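**Student:**
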Amino acid sequence: MIRPSPHGWTISQWSNLLPMAGPSRNGQTISPWSYCYSGYSSIPPSPMIPPNVTESCCFTNSWLRFRGSVGVLVYEADTFTLAILFSNPFDYNLYAVELAMEISAHKAHCGSLDSIYTRMYSGQPASTGRDTMLHRVKLSACQEPVVVSAGLVRATATMSNASKSIVKVIVENRDAHST
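Put into structure tokens, the structure is as follows:
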């Protein structure tokens, strides 16, 4: 955002901070991969998130570029892979703030990250089976959580629609008896 200030013009940076809580028990998320269509990782993702621990990473737009912070973060665990797409655009008149998550009981997110980003951005799931779920939302004044599940794992995320937005992600293991 470019706006007047007492000292001339100010260019704000667009960023996405992603705190992610590991599974509540039995396992950990490992092997992060990230791809930035626009911007870069200013705080890299943690290489491992143990159970009941929260880690953060930050993606920021490139300075003096008229683009926002847009990309995908993928974590692999023993029993699932989770892909998180974030889009915090430079111009809210042309593009919406978007959040998507896809979870898979298979290694569906271990391919080309730019292909995963393109597929998720266009709303196409990795597969049509019950073991993969994609949920994508465009955020406006009204925000909603994104919830995906595969097997006994459920992930929930929320994202603010500010220029320095925060995406919060919680990964939970569900009991076999819960729905």
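Numbering of the sequence shown is given in numbering that gives the first Met the number 0, commencing with residue 0 and proceeding in unit increments.
Yeah, the Cβ is synthetic: ideal placement off N, Cα and C, and Gly gets one too.
On a predicted model such as this, the values are computed, not experimentally measured, just so you know.
Does the count of Cβ pairs from the region 158–166 and the region 101–119 closer than 8 Å reach three?
**Tutor:** Segments in contact, no.
**Student:** According to the Cβ coordinates, are E145 and V136 closer than 7 Å?
**Tutor:** The sequence position of residue 145 within the sequence shown is 146, counting from 1. The sequence position of residue 136 within the sequence shown is 137, counting from 1. The question names Glu, yet the displayed sequence has Val at residue 145. A contact, by the Cβ cut-off of 7 Å.
**Student:** Specify the secondary structure class of S114 as computed by DSSP and reduced to three states.
**Tutor:** Here residue 114 refers to the residue found at position 115 when the sequence shown is read from its first residue. Three-state DSSP puts S114 in a helix.
**Student:** Within the continuous beta strand (DSSP E) that includes T127, where are the two ends?
**Tutor:** As a working note, residue 127 is residue 128 in the sequence shown. No beta strand (DSSP E) contains T127, which DSSP labels as neither H nor E.
**Student:** If distances are taken between C-alpha atoms only, which option among S68, P124, E171 comes closest to S41?
**Tutor:** Within the sequence shown, numbered from 1, the residue matching residue 41 stands at position 42. Here the closest residue by C-alpha is S68.
**Student:** Which value, in whole angstroms, describes the spacing of the CA atoms of Y39 and S61?
**Tutor:** One-based indexing of the sequence shown puts residue 39 at position 40. One-based indexing of the sequence shown puts residue 61 at position 62. In a straight line, the C-alpha of Y39 is about 7 Å away from that of S61.
**Student:** By Cβ distance below 6 Å, which residues in the same chain neighbour S30 in space, the five residues on each side in sequence not counted?
**Tutor:** As a first step, residue 30 must be located in the sequence shown, where it is residue number 31. Taken in chain order, the residues that qualify are E75.
**Student:** Tell whether a beta-carbon distance below 7 Å holds between A149 and S103.
**Tutor:** Stepping through the sequence shown from its first residue, residue 149 is reached at position 150. Stepping through the sequence shown from its first residue, residue 103 is reached at position 104. In contact: A149 and S103 (Cβ atoms closer than 7 Å).
**Student:** Going by the beta-carbon positions, is the gap between A154 and L81 smaller than 7 Å?
**Tutor:** The residue given as residue 154 occupies position 155 in the sequence shown. The residue given as residue 81 occupies position 82 in the sequence shown. Yes, the pair counts as a contact, with Cβ atoms nearer than the cut-off.
**Student:** Taking all protein chains shown into account, decide if D174 is buried (16 or more other Cβ within 10 angstroms of its Cβ) or exposed.
**Tutor:** The count along the sequence shown starts at 1 and reaches residue 174 at position 175. Counting Cβ neighbours within 10 Å, D174 comes out exposed, since fewer than 16 surround it.
**Student:** Is DSSP giving Y91 helix, strand or coil here?
**Tutor:** For the purposes of this step, residue 91 is identified with residue 92 of the sequence shown, where counting begins at 1. In this structure, Y91 counts as coil in the three-state DSSP scheme.
**Student:** Using 8 Å for Cβ pairs, my map puts F65 next to C35. What's the rounded Cβ distance?
**Tutor:** Position 66 of the sequence shown, counting from 1, holds the residue named residue 65. Position 36 of the sequence shown, counting from 1, holds the residue named residue 35. Not confirmed; about 15 Å, so no contact.
**Student:** Counting C-beta neighbours from all protein chains within 10 Å, is the total for S33 16 or more, i.e. buried, or is it exposed?
**Tutor:** Looking up residue 33 in the sequence shown gives position 34. Classification of S33: buried, given that the 10 Å Cβ count is 16 or more.
**Student:** Does DSSP put E75 in a helix, in a strand, or in coil?
**Tutor:** Sequence index remark: in the sequence shown, residue 75 carries index 76 (1-based). In the structure shown, E75 sits in a strand (DSSP, three-state: E or B).
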